[in-house]
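Plus 5 on top of the position in the sequence shown (first one is 1) and you've got the working numbering. One structure below.
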Amino acid sequence: MSSAGDKLTAVVESSGPGDVILSYLDTPAGLPAVLSGTAPGEGDSFAFPSFADVQQEFAVVRQTDWLPRAGAHGLLFDLDLAVRSASAYAGLADASDLRYEVWAASDAPAGLDRKLADQGVRVLRSQTIDSELEQLGRRAPALGFRLFLLAGIAAAALGLGVLLLGLRLGAADRRAEMAALRATGVRPRLLRRALRKERLASLVMPMLLGIGTGLGSALLMLPGLPLVTASVVAPPENLWLALIPRLELAALPVAVVAALVVVLGGLLTAGRLARGGAAR
């Protein structure tokens, strides 16, 4: 290859059946890209089948933990450079797996779809974060978790009702027993202490066993429930972070407060029962 003035002369000798292609180098050898996750190759450059399944070289210029719509494993690069680089080796007209998106912030102007259509961009579908969250909230996993929460509340209410009913039905017999023990010379302070220990054993132990059983069941069952479909690239939500109390009224603080109310109620009724037996 030689150049003289404004002319470039190339002489090629080849015995192969392939065609010889001479083209301008208008794209870099490695397309600059922002990478989320680890590089599939060694170092900061790698080859990846991108447009029209053509192996293209990428050079990582920056790494991040997260990319929009790509998640924790993806590439962000210049579309024009990538299309020009791939079109030199394959046609992109028949590529049916390409999807182009226009991202807009929350303060995007009204009538953005009409403005895009005026520029020759036909809008096929519009998506918003609120609509996606609403759609996810109507699917089976979200409905299933709501049913689990209702079932847990119903089970807790049923257990509390059975406990209160048992205490109510046996109150007269317990007062008679306390009166008999007081008549034999047992001091009221010892009676109150014994009743409080009995109430703690009857309230705290079942509560601890129930909480342990519920947490164990959740550890075994919840990881097997998909929160999103397989086509969504966002990672599943961390369920344990969702249990941390937030500004809104969450289920966990309600359960803790209810447990404290039950324990305090049992201790207070034990004291009243001991005093009632002593009075009789």
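Glycine residues also receive a C-beta, built at the ideal position from the N, C-alpha and C atoms.
- Query: Can you name the residues that DSSP bridges to S207?
  - Reply: Along the sequence shown, one-based indexing puts residue 207 at 202. Partner(s): none; S207 has no beta bridge.
- Please name the residue or residues paired with A181 in a DSSP beta bridge. Taking the first residue of the sequence shown as position 1, residue 181 is located at position 176. Partner(s): none; A181 has no beta bridge.
- Boundaries (first-last residue) of the beta strand (DSSP E) holding V39: For this step, residue 39 is matched to residue 34 along the sequence shown. 36-41 is the span of the beta strand (DSSP E), which, as asked, contains V39.
- Query: Per DSSP, what kind of secondary structure is F51 in: helix, strand or coil?
  - Reply: As a position in the sequence shown, residue 51 is number 46, starting the count at 1. Strand, per DSSP.
- Message: My output table needs one value for Q140: the three-state DSSP class, helix, strand or coil.
- Response: Here the question's residue 140 lines up with position 135 in the sequence shown. In the structure shown, Q140 sits in a helix (DSSP, three-state: H, G or I).
- Between the C-alpha atoms of Q124 and G157, what's the straight-line distance to the nearest angstrom? For the purposes of this step, residue 124 is taken as residue 119 along the sequence shown, with counting starting at 1. For the purposes of this step, residue 157 is taken as residue 152 along the sequence shown, with counting starting at 1. So the two alpha carbons sit approximately 55 angstroms from each other.
- Item | Identified DSSP bridge partners for K12 | On the sequence shown, residue 12 is found 7 positions in, with the first residue counted as 1. Note: K12 sits in a beta bridge opposite A9.
- Between the CA atoms of V167 and A188 - distance to the nearest angstrom: Looking up residue 188 in the sequence shown gives position 183. Looking up residue 167 in the sequence shown gives position 162. The alpha-carbon atoms of A188 and V167 are separated by roughly 31 angstroms.
- Can we say the segment 14-31 touches the segment 55-73, given the rule of at least three CB pairs closer than 8 angstroms? In short, these stretches do not touch, since the Cβ pair count stays below three.
- Message: Looking at the strands, I want to know which residues DSSP matches up with R74.
- Response: Position 69 of the sequence shown, counting from 1, holds the residue named residue 74. Partner(s): none; R74 has no beta bridge.
- Exposed or buried, which one is S90 when buried takes at least 16 other CB atoms within 10 Å? Taking the first residue of the sequence shown as 1, we reach residue 90 at position 85. The residue is buried, with at least 16 neighbouring Cβ atoms inside 10 Å.
- G149 versus L103: straight-line alpha-carbon distance, rounded: Taking the sequence shown and counting its residues from 1, one reaches residue 149 at position 144. Taking the sequence shown and counting its residues from 1, one reaches residue 103 at position 98. If you draw a straight line from the Cα of G149 to the Cα of L103, it comes to about 35 angstroms.
- Query: Would a C-beta distance cut-off of 7 angstroms place A87 and S41 closer than the cut-off?
  - Reply: For the purposes of this step, residue 87 is taken as the residue at position 82 of the sequence shown. For the purposes of this step, residue 41 is taken as the residue at position 36 of the sequence shown. Against a cut-off of 7 angstroms, the Cβ pair of S41 and A87 comes out as no contact.
- Message: For E203 and M183, I'd like the C-alpha separation in whole angstroms.
- Response: Here residue 203 is taken as the residue at index 198 of the sequence shown, counted from 1. Here residue 183 is taken as the residue at index 178 of the sequence shown, counted from 1. One C-alpha to the other measures close to 13 angstroms.
- Using 10 angstroms around the beta-carbon of A38, count the other beta-carbons present and answer buried if the total reaches 16, otherwise exposed. Along the sequence shown, read from residue 1 onward, the residue named residue 38 stands at position 33. Under this definition A38 is a buried residue.
- Can the beta-carbon of L117 be found closer than 7 angstroms to that of A109? Residue mapping note: residue 117 aligns to position 112 of the sequence shown, counting from 1. Residue mapping note: residue 109 aligns to position 104 of the sequence shown, counting from 1. Contact: yes.
- Taking C-alpha atoms, which residue in A162, L186, D24, R194 lies nearest to M212? By 1-based counting over the sequence shown, the position of residue 212 is 207. Cα-wise, what sits closest to M212 is A162.
- Any idea what DSSP makes of R173, helix, strand or coil? For the purposes of this step, residue 173 is identified with residue 168 of the sequence shown, where counting begins at 1. Note: R173 maps to helix in three-state DSSP.
- Task: With a 10 Å radius around its C-beta and 16 neighbouring C-beta atoms as the bar for buried, classify Q61 as buried or exposed.
- Result: Start at 1 with the first residue of the sequence shown, and residue 61 comes out as number 56. Buried, because 16 or more other Cβ atoms sit within 10 Å of the Cβ of Q61.
- Cβ atoms of F63 and F53: under 7 angstroms apart, would you say? Working through the sequence shown from its first residue, we reach residue 53 at position 48. Working through the sequence shown from its first residue, we reach residue 63 at position 58. Cβ atoms of F53 and F63: closer than 7 angstroms.
- So L27 packs on A15, CB below 8 angstroms; how close in whole Å? Translated into the one-based positions of the sequence shown, residue 27 becomes position 22. Translated into the one-based positions of the sequence shown, residue 15 becomes position 10. With 8 angstroms as the limit, L27 and A15 qualify as a contact, their Cβ atoms being about 6 angstroms apart.
- Own chain, CB closer than 6 angstroms to D83, minus 5 neighbours either side, in chain order: Reading the sequence shown from its first residue, position 78 is the one you call residue 83. Cβ neighbours of D83 beyond the five flanking positions: none.
- Task: Let me know the secondary structure DSSP gives R151 once reduced to three states.
- Result: Here the question's residue 151 lines up with position 146 in the sequence shown. The answer is helix: DSSP assigns R151 an H, G or I state.
- Query: According to DSSP, is A64 helix, strand or coil?
  - Reply: Residue 64 sits at position 59 when you count from the first residue of the sequence shown. Reduced to three states, the DSSP call for A64 is strand.
- Query: Looking only at its own chain, which residues have a Cβ that is under 7 angstroms from the Cβ of L224, when we skip the five neighbours before and after it?
  - Reply: Against the sequence shown, residue 224 aligns to sequence position 219. Counting only Cβ-Cβ distances below 7 angstroms, and skipping sequence neighbours, we find nothing.
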